[in-house]
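Everything on this sheet refers to the single structure shown next.
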Amino acid sequence: MALSGLSVREDAVGNIFGRWDGYELELSAVATGSHIDAIPYSGKYDGVVGVLGAIEAINVLKRSGFTPRRSLEIILFTSEEPTRFGISCLGSRLLARSESLAKALKTTVDGQNISFLAAARSAGYAKHLDDLSSTFLENGRYSAFIELHIEQGPILEAEGVSIGIVTAIAAPASIKIDFEGNGGHAGAVLMPNRNDAGLAAAELALTVEKHVLESGSIDTVGTVGILELHPGAINSIPSKSHVEIDTRDIDEKRRNDVIEKIHQSANMIAKKRGVRLLEFKIINQDPPALSDKFVTGAMEAASKELNLTHKLMISRAYHDSLFMARISPVGMLFIPCYKGYSHKPEEYASIEDIANGVRVLALTLAKLSLH
């Protein structure tokens, strides 16, 4: 960002901002950006395209001789993925003034029992950690926020469309569940005498699929992404199991109905199998976000001016834009990715598709800056 002539600052949790001042400084800025962190064994395009693409879009505008009316700002969000502390979009949630998160982070620890505050201090973010409200952004700071991203799905590539313009971002929820049984020797305890926490978790995983499919909508999805058994030995009946579920929908009520059915099933399974349901905890339960029509209109106009095919679509993956929508009008640009692969090493987007995304982003930023 600094090499592109932007003034750079960093907040108390590692969100990084690069700003190009416009000639009317009193106006709210136009922002763009994404994240560069990743889950284990993933690809190198998720998020990164939106950060490097934003920097290049600014470079394009500068090379063209463009002068922004509204200031343009790039945001590199910290910790979009929930990999370490189990909290997705940590940076953008704080920017969007999440007081509950600011409070929770004071006691949050990772899998090695290292606290968020200790990790932040060791990374050099000691200042302002006692009051994370220093990261909060005021409503109206940005007149628009745009995020360039790979689609993470197969639609654009399959249909031969260059640009996806996102109209809505699905509402995500995360659930943690713990069962406890009696355990025992895998050979000595007969089947009728078992209280198997592992089988309770397995049965619950299948009921997640059942409830999602019974919702009646293609937009309802559920994933059992973590299933851990204790003690984890082949000759030991699991005495404990831990399950983490991700469920999403563009309809918040329908998603919440599925969560309630999963909760009811967890209780019934525990009773049937003679195990204890130690915890059923909803970690986050966020509402969906709608893109701003003026912002999407600017993206459509830019695509047409550049003679690039585009389509309106829904993002079923969530992004930092979901939370930026709480403090700013938002829009998202998607580009195709190979076979829709994402969150795996095969994730790929061609340089041509990335360039198309950057061109649309640059022209959209210019339009919104002059508005």
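According to the numbering used here, the sequence shown is numbered sequentially starting from 1276.
C-beta: ideal position from N, C-alpha, C; glycine also.
| Item | Value |
| --- | --- |
| Burial state of I1557, where buried means 16 or more other Cβ atoms lie within 10 Å | exposed |
| Residues of its chain near E1484, where Cβ-Cβ distance is below 8 angstroms and the 5 sequence neighbours each way are ignored | G1497 |
| Delimiting residues of the alpha helix (DSSP H) encompassing Q1539 | 1527-1548 |
| Bridge-paired residues (DSSP) for E1519 | K1451, I1501 |
| Where H1424 falls: helix, strand or coil (DSSP) | strand |
| 8 angstroms Cβ cutoff met for K1581 and L1347 | Before going further, note that residue 1581 is Leu rather than Lys in the sequence given. Contact: no. |
| Residues that L1565 bridges to, as DSSP identifies them | A1443 |
| Contact set for R1345: own chain, Cβ-Cβ below 8 angstroms, skip 5 residues either direction | G1297, E1299, L1302, S1303, A1304, V1305, S1418, L1643, S1644, L1645, H1646 |
| Residue range of the unbroken alpha helix (DSSP H) whose run includes R1591 | Unbroken run through R1591: none, as it is neither H nor E. |
| Contacting residues, own chain, Cβ-Cβ under 6 angstroms from A1371 (five flanking each side not counted) | F1598, R1601, I1602 |
| Anticipated Cβ contact below 8 angstroms, I1266 with T1382, distance rounded | Residue 1266 lies beyond the range of the chain shown here (1276 to 1646); nothing can be said about it. |
| Beta-carbon proximity list for V1384, same chain, < 6 angstroms, skipping 5 on both sides | S1390 |
| Local Cβ density within 10 Å of S1490, reported as buried at 16 or more and exposed below that | buried |
| Helix, strand or coil at G1415 according to DSSP, with G and I counted as helix | coil |
| K1485 - containing alpha helix (DSSP H), residue span | 1472-1488 |
| C-beta atoms of N1476 and V1533 nearer than 8 angstroms | Correcting the residue type first, residue 1476 is Ala in the shown sequence and not Asn. Contact: no. |
| Residues of its chain near Y1400, where Cβ-Cβ distance is below 7 angstroms and the 5 sequence neighbours each way are ignored | A1287, V1288, G1289 |
| Cβ shell of E1413 (< 8 angstroms), same chain only, five flanking positions each side left out | I1602 |
| Distance, L1376 Cα to N1334 Cα | 35 angstroms |
| Environment of I1450 [buried if 16+ CB atoms lie within 10 Å] | buried |
| Element boundaries [beta strand (DSSP E), containing E1249] | In the structure as shown, the chain begins at 1276 and stops at 1646. Residue 1249 is therefore absent and cannot be evaluated. |
| Buried or exposed (CB count within 10 angstroms, at least 16 for buried), Y1593 | buried |
| Straight-line gap, K1614 to V1436 (C-alpha atoms, nearest Å) | 13 angstroms |
| Assumed close pair K1515, D1453 - CB separation to whole angstroms, cut-off 8 angstroms | 7 angstroms |
| Beta-carbon proximity check, E1422 vs G1325, cutoff 8 angstroms | yes |
| Assigned exposure category for G1366 - 16 Cβ within 10 Å defines buried | buried |
| Three-way DSSP call (helix, strand, coil) for V1326 in this model | helix |
| Where R1368 falls: helix, strand or coil (DSSP) | helix |
| Beta-carbon gap between H1585 and S1578 smaller than 8 angstroms | yes |
| Residues near V1633 in its chain [Cβ-Cβ closer than 8 angstroms; skip 5 each side] | G1328, E1331, A1332, V1335, L1423 |
| Rounded C-alpha distance that separates S1363 from A1564 | 16 angstroms |
| Three-state class that DSSP yields for R1344 in the structure shown | coil |
| Proximity below 8 angstroms, CB of T1571 to CB of G1606 | yes |
| Bridge-paired residues (DSSP) for F1292 | R1284, I1350 |
| Counterpart residues of M1607 in DSSP-defined beta bridges | E1422, V1441 |
| Inter-residue CB distance, I1425 and A1624 (contact presumed, cutoff 8 angstroms) | 5 angstroms |
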